[in-house]
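Take the sequence shown: its position 165, counted from the start at 1, is 205 in the working numbering, and no numbers get skipped.
Contents: one structure, followed by commentary.
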Amino acid sequence: MKENSLVHLDNVNMIFYRPDDALHVLYNISMNLHEGEILGLLGPSGSGKSTILNIVAGLLAPSSGQVECHGQIGYMFQRDHLLDWRNIYDNIMLGLEIQKNITPQSEAKVERLLKSYDLWDFRRHFPKELSGGMRQRVALIRTLAIDPDILLLDEPFSSLDYQTRLLVSNDIYKIIKQENKSTIMVTHDISEAIGMCDTIYVLSKRPTNVKAIHSINLTTADEKTPLTARKAPEYQHYFDLIWKEMMQYEGK
Ligand code: ADP
Ligand code: MG
């Protein structure tokens, strides 16, 4: 185990065997998630980003390589998966209910989360009455309710339109930092990755390898958030650099 890393992947390979062929998706992927870090996985569609999260979560065993994970995982899937027939409060309690872990403490925690993140007044509403952005906040709070050490977010904003996406990513960023969660976030959006992440892993196309690792250091007047990040003088530099890296494998 590397020093203070919560997730450690070492030369992970994933090959999917299909009736007529084999698909080599991940090729020697190595990765470390450190305490308090937001790590971004940035790569084209089909490069195996969700597969990496599934391996970290223990839902898939890699074909070869080492996976170490220290702490409980909270996994937020690409779609919010809220249950239409349960109100917001009962949706948020779902994970705790499955774990048979509803206690006065866990109820108090959920109440604090709902109040802190402006959902308390909506707790008796049903998912269909909420905007896309609010639904994402509910999905995140449901994931946080089980008090995970590690958050896995799979393209958390991809269902939202551009403007909502900016605002919601700002909200979600603040929640993750305030709750001090170590996070792996999948995205295919360069701006979003720069705005949200402390570290970005740029992935190649299949068989997917780590092409570059960037530590993002931005000078922002106020606290860094996805919105203030766009005004930082270094922002364009990172954007151009990563754009180039991603274009190389498009053959352009
Ligand atoms: P991404 O999230 O980057 O879009 P995925 O991890 O979902 O990519 O998938 C990577 C590739 O692996 C895709 O071509 C997908 O069709 C394939 N794949 C994913 N899961 C399986 C599976 N269980 N069996 C066979 N092929 C799979
Ligand atoms: Mg995916």
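For every residue, glycine included, the Cβ atom is placed at its ideal position computed from N, Cα and C.
DSSP places Asp161 in the helix class (H, G or I) of the three-state scheme.
Between Pro266 and Ser209, the CB-CB gap stays under 7 angstroms. Per DSSP, Asp130 lies in no beta strand (DSSP E); the unbroken alpha helix (DSSP H) holding it starts and ends at Ile128 to Ile132. In the structure shown, Thr259 falls within a coil segment according to DSSP collapsed to helix, strand and coil. In the three-state DSSP reduction, Asp189 falls in the coil class, being neither helix nor strand. Among the bridge pairs identified by DSSP, Thr223 is matched with Ile78 and Leu191. DSSP places Glu274 outside both helix and strand once states are collapsed to three, so it counts as coil. The beta carbon of Ala62 is closer than 8 angstroms to those of Ile55 and Phe56 in its chain, skipping five residues each way along the sequence. A distance criterion of 6 angstroms places the beta-carbon of Lys245 beyond contact range of the ligand MG, judged by its closest non-hydrogen atom. At least one heavy atom of the ligand ADP is found less than 6 angstroms from the C-beta of Val65.
Residue pairing for Met54: DSSP places it in a beta bridge opposite Leu66.
In the DSSP assignment, Leu207 falls within the unbroken alpha helix (DSSP H) covering Tyr202 to Gln218.
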